[in-house]
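Chemist: There's a structure below that I have some questions on.
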Amino acid sequence: MKIYLDSEKEAPRVEIIPFVDIMFCLLIFFLLAALQVTRYQAVTVAKANIPQVKTGVSQITQRLVVSLDKDRQVYVDGKFFGSLIELTSSNKSQQIFQQKLRNYLNQSPSQQAVLYAPKTANYNDVLQTLDLLRLVMGDRVALGTLPTSP
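Residue numbering for the sequence shown follows our numbering, beginning at 11 and increasing consecutively.
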């Protein structure tokens with residue numbers, strides 16, 4: 011027969027470390043699930059090899075997509091608009107382009123214009139296109155990139 015002497019019983023303890031581990035696992039699970047649920051908005055840009063960046067943040071908003079291809083052709087929402095050479099040299103082409111941008115602004119005043127250009131685009135061409143966009147859109151112009159896939 012075993013005899014227990016007056017030994018102190020251990021008070022029950024609440025372990026927090028396993029709880030924290032489980033919470034982190036749940037957090038990671040829901041973050042990954044949320045990433046899978048949201049769909050990546052594909053940008054349809056004709057003949058463009060858009061640069062990718064590691065620090066890019068996807069912003070899903072209503073926007074006007076303007077793209078410039080390697081042949082200096084300008085596309086507005088995937089539709090061919092004209093040559094950058096025509097836009098920068100001809101006042102008539104510039105006015106038509108600006109009117110088209112104003113029409114988009116009238117439909118949605120808070121709309122942002124995003125310029126997508128290929129990696130091989132001339133720096134001067136990109137700046138000229140940005141300048142044309144800023145004439146009408148003001149500070150609601152952005153340069154678009156694609157985030158790298160993990």
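All C-beta atoms, glycine included, are put in the ideal place defined by N, C-alpha and C.
None of these values were measured; they are calculated from a predicted model.
1) Shortest alpha-carbon distance to Asp141 belongs to which of Gly88, Leu97, Lys80, Cys35?
2) When you compare each of Ile32, Asn116, Ala123, Ala127 to Leu94 by their alpha carbons, which one comes out closest?
3) When you compare each of Phe29, Phe91, Asn116 to Arg73 by their alpha carbons, which one comes out closest?
4) DSSP three-state label for Gln83, please.
5) Out of Thr155, Pro28, Asp81, Asp79, which has the shortest C-alpha to C-alpha gap to Val124?
6) By the three-class DSSP mapping on this structure, what secondary structure does Val24 have?
Modeler: Let me spell this out:
1) As a position in the sequence shown, residue 141 is number 131, starting the count at 1. Closest by alpha carbon: Leu97.
2) Residue 94 sits at position 84 when you count from the first residue of the sequence shown. Closest by alpha carbon: Ala127.
3) Counted from its first residue, the sequence shown places residue 73 at position 63. Among Phe29, Phe91, Asn116, the Cα nearest to that of Arg73 is on Asn116.
4) On the sequence shown, residue 83 is found 73 positions in, with the first residue counted as 1. Gln83 falls in the strand class under three-state DSSP.
5) Here residue 124 corresponds to residue number 114 of the sequence shown, with the count starting at 1. The option with the nearest alpha carbon to Val124 is Thr155.
6) Here residue 24 refers to the residue found at position 14 of the sequence shown. DSSP places Val24 in coil when its eight states are reduced to three.
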